[in-house]
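Okay, structure first, notes after.
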Amino acid sequence: MTGQSGATRRITLTLTRPWFALYIGVRPTVVVEGRGNPVQWGVGTWQLPADRTATIGVFLFNRVWRFGQADLVLEPDDPPAVTYRAPALPFGRGRMRVTPEDRAAG
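Below you can see the structure in the form of structure tokens.
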């Protein structure tokens with residue numbers, strides 16, 4: 026087959042920040058396949074292609090500069106749960122990882 030099948034999958038993305046973060050009112054932006062989406066902190070679901078790798082990223086913007094950037098390439102067979110953790114200071118990188126299936130279910 027040479028064309029795209031159009032099959033999709035859903036992943037759960039959990040966006041967390043430290044309780045002692047030194048910034049207020051900053052909300053994350055999720056980038057899926059190059060398209061940015063402003064979101065809220067917490068848990069959300071995202072639709073990705075089921076038959077190929079997909080890139081998902083998160084960054085924070087405080088009206089002056091971007092920070093907390095983290096990117097992850099997801100393979101079709103990766104577990105459907107991802108966690109992002111923002112930095113405590115308004116600079117530096119965030120952390121993003123695939124959540125193991127046993128933790129995602131609980």
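Each position in the sequence shown, counted from 1, maps to that position plus 25 in this note's numbering. Each residue gets a CB set at the ideal place from its N, CA and C atoms; glycine is no exception.
Using DSSP with H/G/I as helix, E/B as strand and the rest coil, what is residue 109?
strand
Tell me the DSSP bridge mates of residue 95?
83
Quick check on this structure: which residue in 61, 75, 43 and 47 has the alpha carbon closest to the alpha carbon of residue 36?
Answer by Cα proximity: 75.
From 63, 108, 120 and 87, residue whose alpha carbon lies closest to that of residue 48
In terms of CA proximity to residue 48, 87 leads the group 63, 108, 120 and 87.
Alpha-carbon spacing of residue 66 relative to residue 46, whole angstroms
13 Å
Pop quiz: residue 68 and residue 39 are said to be a contact at Cβ under 8 Å. What is the actual Cβ separation, rounded to whole angstroms?
5 Å
In whole angstroms, give me the CA-to-CA distance for residue 89 and residue 116.
11 Å
Three-state secondary structure (DSSP) of residue 36
strand
Quick check: the Cα distance between residue 77 and residue 97, rounded to an integer number of angstroms?
Linking residue 77 to residue 97 through their CA atoms gives a straight-line distance of about 14 Å.
Run through DSSP, which three-state label would residue 53 get?
In the structure shown, residue 53 sits in a strand (DSSP, three-state: E or B).
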